[in-house]
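Protein chains: 2
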Amino acid sequence: MKRNTWQREAVRAALDKAEGFVSAQGLHSTLHATGSPIGLATVYRALADLAAEGAADSLQSPEGESLYRACSTNDHHHHLICRNCGVTVEIEADAVEIWARNVAAEHGFSQAAHVVDVFGLCAACAPVAP
Amino acid sequence: MKRNTWQREAVRAALDKAEGFVSAQGLHSTLHATGSPIGLATVYRALADLAAEGAADSLQSPEGESLYRACSTNDHHHHLICRNCGVTVEIEADAVEIWARNVAAEHGFSQAAHVVDVFGLCAACAPVAP
DNA sequence: ATTGGTTTTGACAATCATTATCAATAGGCG
DNA sequence: CGCCTATTGATAATGATTGTCAAAACCAAT
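Which chain is which? The protein sequence lines are D and F, in order.
Residue 17 is where the first sequence starts when you use the working numbering, and the numbers rise one by one after that.
Residue 17 is where the second sequence starts when you use the working numbering, and the numbers rise one by one after that.
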């Protein structure tokens, strides 16, 4: 049986409030900063659960950290991420979906999954961080 | 000044021999298994160098490890990777390049980089690992 | 509301990949 | 050949993540 705890809600809420992708460590710090005594291990568990049930997306930053984000839809989609401030734009990419499926099929691959993310500098950060 | 050492050559050779993407740890094990007394730190350094000079590609596995592979061209390209045996197919994706650039531009992002990789099961592995 | 059976939590230890340290070694130009 | 410096490698350090396990919290049923 799955139980609802204030900790899980706190993590979900913190994820919602975050503008873009956040690391587990960062989320834990944020929660602590707002007075929550939640444990680090619990944040990791909550994030893993959210990701497993599709309520959050996860990806690996180029630096090797796992980043998480609450996504507005359960549909499959991709992200445009500012590498400076973390702001995220959700993007549809039907063309890429089709392309990925075709490329996989052409080479005899099945059960194709794909990783498609675009990193850049958003309009606000471009002047600040050259 | 940059020097040529047998260690660097050993890493380059091991990368060439590998069929697909390999982790730094794995490459070190392989080298040791073939009798080379190369150090782990050196493998990491050699891989970082190769990646920096464009002789190798690197990506993050979904499990969070950094994987490396010697690539046949210096051109920008992407990969189709068997998640079971690691076999890799290099793929051109001009359409995706253009799409990525456009999407970034539409949202005011600059200096767009992108991560585009397709994971699946190759024809050989599909029957073995359902 | 109280109880009971489980799940969940959280402090801490353990693990894993990766990076830093630094004395010893080995390129390679003269 | 010899010197200077880049490179190596054993090990320690780091940092993120996961495992451990007793104590606390949740929820359904009394």
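The beta-carbon is built from N, C-alpha and C at its ideal position, and this holds for glycine as well.
Using a Cβ-Cβ cut-off of less than 8 Å, list which residues of the segment 113-139 of chain F approach chain D; keep chain order.
From the segment 113-139 of chain F, only W115, A116, V119, A120, H123, G124, F125, S126, Q127, A128, A129, H130, V131, V132, D133, V134, F135, G136, L137, C138, A139 have a Cβ closer than 8 Å to chain D.
For a contact meaning CB atoms closer than 7 Å, what does Q76/F contact in chain D?
What you label residue 76/F is simply residue 60 of the second sequence in a count that begins at 1. Within 7 Å Cβ-Cβ: Q76, G80.
Residues of the segment 99-113 of chain F in Cβ contact with chain D at a cutoff of 9 Å, in chain order, please.
Cβ contacts with chain D come from R99, V105, I107, A109, A111, V112.
Look up C98/D in the DSSP assignment and give the residues it is bridged to.
As a position in the first sequence, residue 98/D is number 82, starting the count at 1. DSSP, once it has assigned bridges, lists G136/D as partnering C98/D.
In the DSSP assignment, find the unbroken beta strand (DSSP E) run with P107/D in it and report its ends.
Counted from its first residue, the first sequence places residue 107/D at position 91. Looking at the sequence provided, one finds Ile at residue 107/D rather than Pro. Here the beta strand (DSSP E) through I107/D covers 104-107.
Look up R19/D in the DSSP assignment and say whether it is helix, strand or coil.
Within the first sequence, the letter at position 3 stands for residue 19/D. In this structure, R19/D counts as coil in the three-state DSSP scheme.
Determine whether the Cβ of L96/D lies closer than 7 Å to any Cβ atom of chain F.
By 1-based counting over the first sequence, the position of residue 96/D is 80. Chain F, which has a Cβ nearer than 7 Å to the Cβ of L96/D, makes this yes.
At the level of alpha carbons, what is the spacing between F37/F and C101/F?
Residue mapping note: residue 37/F aligns to position 21 of the second sequence, counting from 1. Residue mapping note: residue 101/F aligns to position 85 of the second sequence, counting from 1. Going by the C-alpha atoms only, they are around 10 Å apart.
Report buried or exposed for I114/F, applying the criterion of at least 16 other Cβ atoms within 10 angstroms of its Cβ.
In the second sequence, the residue the question calls residue 114/F occupies position 98. Burial call: exposed.
Could you please give the first and the last residue of the uninterrupted alpha helix (DSSP H) stretch that includes D110/F?
Numbered from its first residue, the second sequence carries residue 110/F at position 94. Its alpha helix (DSSP H) spans residues 110-122.
Is V134/D closer than 7 Å to H130/F when the C-beta atoms are compared?
Stepping through the second sequence from its first residue, residue 130/F is reached at position 114. Stepping through the first sequence from its first residue, residue 134/D is reached at position 118. Yes. Within cutoff.
Report buried or exposed for R85/D, applying the criterion of at least 16 other Cβ atoms within 10 angstroms of its Cβ.
The count along the first sequence starts at 1 and reaches residue 85/D at position 69. By the neighbour-count rule (16 or more Cβ atoms within 10 Å), R85/D is buried.
Whose Cβ in chain D lies nearer than 8 Å to the Cβ of A57/F?
Numbered from its first residue, the second sequence carries residue 57/F at position 41. Within chain D, no residue comes near A57/F; the closest Cβ sits about 17 Å away, beyond 8 Å.
With distances taken Cα to Cα, identify the nearest neighbour of T50/D among A57/D, A30/D, S39/D.
In the first sequence, counting from the first residue as 1, residue 50/D sits at position 34. Among A57/D, A30/D, S39/D, the Cα nearest to that of T50/D belongs to A30/D.
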